[in-house]
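Participant:
Numbering (our numbering), first residue to last: 34 to 464.
Here's what the structure looks like:
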């Protein structure tokens, strides 16, 4: 892995994830969700962070600031593993409440934004010898080396992301007025591809990389919203097919980025304890908030609450990317030799959180997911990959053919067998 093109792999991950966010955002509707997505995006990850920080301090005896840096890093929800876990059920035709998808999109995006920003802030605070400079100037906002800038960066990046998404949405209005549906759908697909590919580059060059996902989400959401009024068809299937290919690249490059040089056995076991305590805390808090329908009663039933809670557990992109970035940043710091054990504990815990939670949740969803979602099979959700329909829905097509054939007075053709002979208005069964 020494010669693995890390920068190119990182760009591939960003583009694929932008495609994923653009695709999912085509189906986002906030109506009827209330404040639950925001509640689930703040309180579960905050509780998990506190528990993991306290557990890390107890087991690793690290400074409190580094313990909370570990907590913020591991507590971030893995966007790449949250929603794709349910795609298999959607393609099989299971009826998953679309509100689960909408809640997870908003909640996981929000907690990633908060957790990753605070993680960076705590790491920088520690490396600058606890000198917190609360400088709320323009220079501080854009500076990566001042702690005050990191505090003000959160609302600034949100505002820039929303404004940038609105600007990117404006050119797509021209496509909206096209009358030919196939042309309109194709141009929307090309435009969304353009946004997903070039937004990471543009935001990186402008020094605002934290706003790229929000730009993509806002652009895609606004496109879907204006077209929803006229029932215009959008390129959902095409975007889903790109995601099905990109998902392999995303997880493949993530796995290639995990470089293990030396792991101590005691660090592994202590890291597992930290992860288990944190995951149990997130599970309990998330299920409690959804069970009591905090701030918005009556959204989900208990099975759907449990399904949503399980889908919110995996870790992924944030842990791998931030850990690698942190280690790369610290290589040139003179204090690194003194922090070798602490950095080993943080990186090991972050990587193990991916290895443990992702496969476990994936297997659980594949085997027990059908028991938690609605048992009734329906045509695949537009989120599913491609336009394939399950075989059981071919009966509807056959039924339509039967009705048409009967209407034309040709029942034997439509039903596939010869009708029974009739004598004295009584049907005699065929032998």
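For every residue, glycine included, the Cβ atom is placed at its ideal position computed from N, Cα and C.
A quick note: this is a predicted structure, and the numbers were derived from the prediction, not measured.
Would you kindly check if the distance between the Cβ of residue 226 and the Cβ of residue 50 is under 9 Å?
Facilitator: Not a contact, by the Cβ cut-off of 9 Å.
Participant: Determine the contact status of residue 190 and residue 222, defining contact as a CB-CB distance below 9 Å.
Facilitator: Contact: no.
Participant: Measure the C-alpha to C-alpha separation of residue 297 and residue 345 and round it to an integer number of angstroms.
Facilitator: Approximately 29 Å, taken between the alpha carbons.
Participant: Report yes if the C-beta distance between residue 318 and residue 105 is below 9 Å; otherwise report no.
Facilitator: Taking 9 Å as the Cβ cut-off, residue 318 and residue 105 do not qualify as a contacting pair.
Participant: I need the straight-line Cα distance from residue 249 to residue 87, nearest angstrom please.
Facilitator: So the alpha carbons of these two residues sit roughly 36 Å apart.
Participant: Between residue 133 and residue 341, how many whole angstroms is the CB-CB distance? I'm expecting something under 8 Å.
Facilitator: About 5 Å; that satisfies the 8 Å criterion.
Participant: What residue range does the alpha helix (DSSP H) around residue 223 cover?
Facilitator: Counting along the chain, the alpha helix (DSSP H) containing residue 223 begins and ends at 214 to 239.
Participant: According to DSSP, is residue 110 part of a helix, a strand, or is it coil?
Facilitator: Reduced to three states, the DSSP call for residue 110 is coil.
Participant: Looking at the unbroken alpha helix (DSSP H) that takes in residue 311, where does it start and where does it end?
Facilitator: Taken as a continuous stretch (DSSP letters only), the alpha helix (DSSP H) holding residue 311 covers 298 to 324.
Participant: Output the boundary residues of the alpha helix (DSSP H) element that contains residue 73.
Facilitator: Segment 69 to 93, the alpha helix (DSSP H) holding residue 73.
Participant: If contacts are defined as beta-carbon pairs under 8 Å, then residue 45 and residue 376 qualify, I think. What distance do you get, rounded to the angstrom?
Facilitator: Not really, about 26 Å apart at Cβ, beyond 8 Å.
Participant: Counting only the same chain and skipping the five closest in sequence on each side, list residues whose C-beta sits under 6 Å from that of residue 211.
Facilitator: These residues qualify, in order along the chain: 217.
Participant: Leaving out the 5 sequence neighbours to the left and right, which residues in its chain are closer than 6 Å to residue 93 when beta-carbon positions are compared?
Facilitator: So the list reads 378, once near-sequence residues are dropped.
Participant: Do you know whose CA, among 107, 58, 47, 95, lies nearest residue 389's CA?
Facilitator: Checking every option, the nearest Cα to that of residue 389 belongs to 107.
Participant: Which of the three DSSP states is assigned to residue 59 in this structure?
Facilitator: If DSSP states are grouped into helix, strand and coil, residue 59 belongs with coil.
Participant: So, is residue 232 buried or exposed, given that buried needs 16 or more other C-beta atoms within 10 angstroms?
Facilitator: With 16 or more Cβ atoms within 10 Å of its Cβ, residue 232 is classed as buried.
Participant: DSSP on residue 266, reduced to helix/strand/coil?
Facilitator: Three-state result, residue 266: coil.
Participant: Does the Cβ of residue 41 have 16 or more other Cβ atoms within 10 Å, making it buried, or fewer, making it exposed?
Facilitator: Classification for residue 41: exposed.
Participant: In whole angstroms, give me the CA-to-CA distance for residue 206 and residue 347.
Facilitator: Between residue 206 and residue 347, the C-alpha separation is close to 37 Å.
Participant: What three-state label does DSSP hand residue 398 in the structure shown?
Facilitator: Three-state result, residue 398: helix.
Participant: In chain order, what residues of the same chain have a beta carbon less than 6 Å from the beta carbon of residue 220, not counting five sequence neighbours either side?
Facilitator: Cβ neighbours of residue 220 beyond the five flanking positions: 208.
Participant: My assumption, with CB atoms under 8 Å, is that residue 195 sits in contact with residue 247. Please give the rounded CB distance.
Facilitator: That pair is a contact at about 6 Å.
Participant: Less than 8 Å between the CB atoms is what I'm expecting for residue 137 and residue 202, so what's the real figure, rounded?
Facilitator: Their Cβ separation, rounded to whole angstroms, is 23 Å, which puts residue 137 and residue 202 out of contact at 8 Å.
Participant: Quick one: give me the first and last residue of the alpha helix (DSSP H) that residue 256 is part of.
Facilitator: Segment 245 to 261, the alpha helix (DSSP H) holding residue 256.
Participant: Using the C-alpha atoms, what's the distance from residue 381 back to residue 279?
Facilitator: Distance between the alpha carbons of residue 279 and residue 381: 27 Å.
Participant: Taking a contact to mean a Cβ-Cβ separation below 9 Å, would you say residue 323 touches residue 68 in this structure?
Facilitator: In this structure, residue 68 does not lie closer than 9 Å to residue 323 by Cβ.
Participant: May I ask you to report which of helix, strand or coil DSSP gives residue 463?
Facilitator: Because residue 463 sits at a pLDDT of 49, beneath the cut-off of 50, its placement in the model cannot be relied upon, and the point is left open.
Participant: Anyone know if the C-beta pair for residue 58 and residue 257 falls short of 9 Å?
Facilitator: Going by C-beta atoms, residue 58 is nearer than 9 Å to residue 257.
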